[in-house]
Structures are given as structure tokens and as C-alpha cells.
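Count along the sequence shown starting at 1, add 1197, and that's the number in my numbering.
C-beta atoms are modelled at their ideal positions from N, C-alpha and C, and glycine is treated no differently.
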Amino acid sequence: MDVDLARHLANDMVEGGAFDPAFSARLQIDHGQSQAIQNLLDGIYVPIVPIVVNVFAPPLPTFARCREFAAALRESLERESSSKRVVVIESGGLSHRLPWPDWREPHGDDEDFMVQARLDGRDNWSQYDIRRREIIRAAQSSITPSFDDYVLRLFEKGNADEMADYSTDYVEKEAGNGAQELRTWLMMSTLLRDVAGERVAYEAIPEWLTGMGITILDPTTQKQEIS
């Protein structure tokens, strides 16, 4: 953990008046952070600063607010006075729907169980994991390739800022609860000043319940329109 950088980011954004991010000395990260670390930093030791954006438990921050936070984060990183080289890694999915109920209003035994697992499973996750996996594996795939294609086209054109107008309800209806993770896609584009990207791959994978896509955003390129 890069404690010095974490403190700089938290203090700088508070003092700048734009945001009041919470700071945790005992954060437990989940797969949203750990998978990126395992796959991209395997065998490489570098100190990290996990930044957690709520894409899961209502009420969610607006897409516009996430864009504002990313801009503030970029400015804070630019004000960091050391000679550190910083890599920002974003993790999030395209269209998918998972059996995560609204924790405020679960319906039925399975939803009650999933909420309870989240509330009480912090220190004894193994007690919940078997049934949790069974519920997830039994879920029906709900992927929206047309929505995913549109989003990927926005990134190709350098127009990801359009997503700042997305509402939580719109994304839920069009692409499922999992697509609320697109907030982090928008944040990455914001950090790179909405450079035009290159779509590398897309595949709807029902076995994973998810639309999977890869787009390269190269900050050395110029923003350009694609017909």
C-alpha cells in the first residue's frame, strides 16, 4: 500500500474543496480490485492505492459525479510532487445482470441470503460462499450487445463524456445492474481527457453472464471523429 500517495490524494482533494473522499486503514478489497492486481501485476511488487467507487449498493453516485471525481483525481495526481510514476487501472464490466438484490428491499429467500452475505460475511465469507455461488450459477444470462456496441463506439470516437448524462435507472433498464460499473469506464476516459480509443475485442459470454470488451485508450493519440 502506498500510504503516502493515498494520504496525498485524500488530503489534496479535501483541501481543494472538490471532494471529501473517505480514507480506510483496514480496507478489504474484493474481486473488482484483486483480479486486476493478480492478472496485471503477477510477480511484480508495486505499492497500490485502491480507490473504491460505489457501483453496487444504492444509492449510487451519478455518472456525472463520477466524472467530476475523476477530473479531481487527475488534478490531484498532477499535483503530487514526488518523482513517482503512477499507473491507473480501471476495473468494470459492460452489460450484465447479476442476482444482487437491492439491499434495502430484498424479495424471497435467495435475495435475503445474498443481502445477509454482504452484511455479515466480512469475517466469515466461507460460510456464505457455497450457496452464493449456486445462486449466481443459476442466474439467467442477460446481455445487451447493442448497448455494449454503442458504448464501445463512444470510446472509439472519444465521446465517452456522453455517458455523464446516463442515469442509474437508464443503465439498469438497458444493460442490467452490473453495467452500473460503467462509471469506472467513464472515469478512466476522463483521466485520459477522452482520447479516442481502439476497439480490440468484444464478445457476449453467457457462461459469464457478461458482455466482455477491450478498448485501448492511448493518451499519446489525438481525439478524432470516426464516421
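- The C-alpha of residue 1200 lies about 8 Å from the C-alpha of residue 1246.
- About 5 Å separates the beta carbon of residue 1267 from that of residue 1388, a gap short enough to meet the 8 Å contact definition.
- Excluding five sequence positions before and after residue 1271, the CB atoms of its chain that fall closer than 6 Å to its own CB belong to 1388, given in chain order.
- Linking residue 1309 to residue 1248 through their CA atoms gives a straight-line distance of about 28 Å.
- Under the three-state reduction of DSSP, residue 1224 is assigned to coil, being neither helix nor strand.
- When DSSP states are grouped into helix, strand and coil, residue 1395 belongs to the strand group.
- Using a Cβ distance threshold of 8 Å, residue 1254 and residue 1213 do not count as a contacting pair.
- Residue pairing for residue 1408: DSSP places it in a beta bridge opposite 1401.
- Below 8 Å, too few C-beta pairs join the segment 1310-1324 and the segment 1366-1379 to call them touching: fewer than three.
- Cα atoms of residue 1301 and residue 1256: separation of roughly 10 Å, rounded to the nearest angstrom.
- Contact fails between the segment 1234-1245 and the segment 1353-1364, because fewer than three Cβ pairs, one in each stretch, are under 8 Å apart.
- Taken atom to atom, the span from the alpha-carbon of residue 1223 to that of residue 1198 is near 11 Å.
- Our two residues, residue 1393 and residue 1304, have alpha carbons roughly 43 Å apart in a direct line.
- By the neighbour-count definition (other C-beta atoms within 10 Å, threshold 16), residue 1413 is an exposed residue.
- Per DSSP, residue 1297 lies in no alpha helix (DSSP H) and is assigned neither H nor E.
- Distance from the Cα of residue 1415 is smallest, within the candidate group 1281, 1339, 1386, for 1386.
- Assigned with DSSP and collapsed to three states, residue 1351 falls in helix.
- Excluding sequence positions up to five before and after residue 1395, its CB lies within less than 6 Å of the CB of 1413, all in the same chain and listed in chain order.
- Short of 8 Å from the beta carbon of residue 1377, and not among the five residues preceding or following it, lie these beta carbons of its own chain, in chain order: 1252, 1253, 1257, 1365, 1368, 1369.
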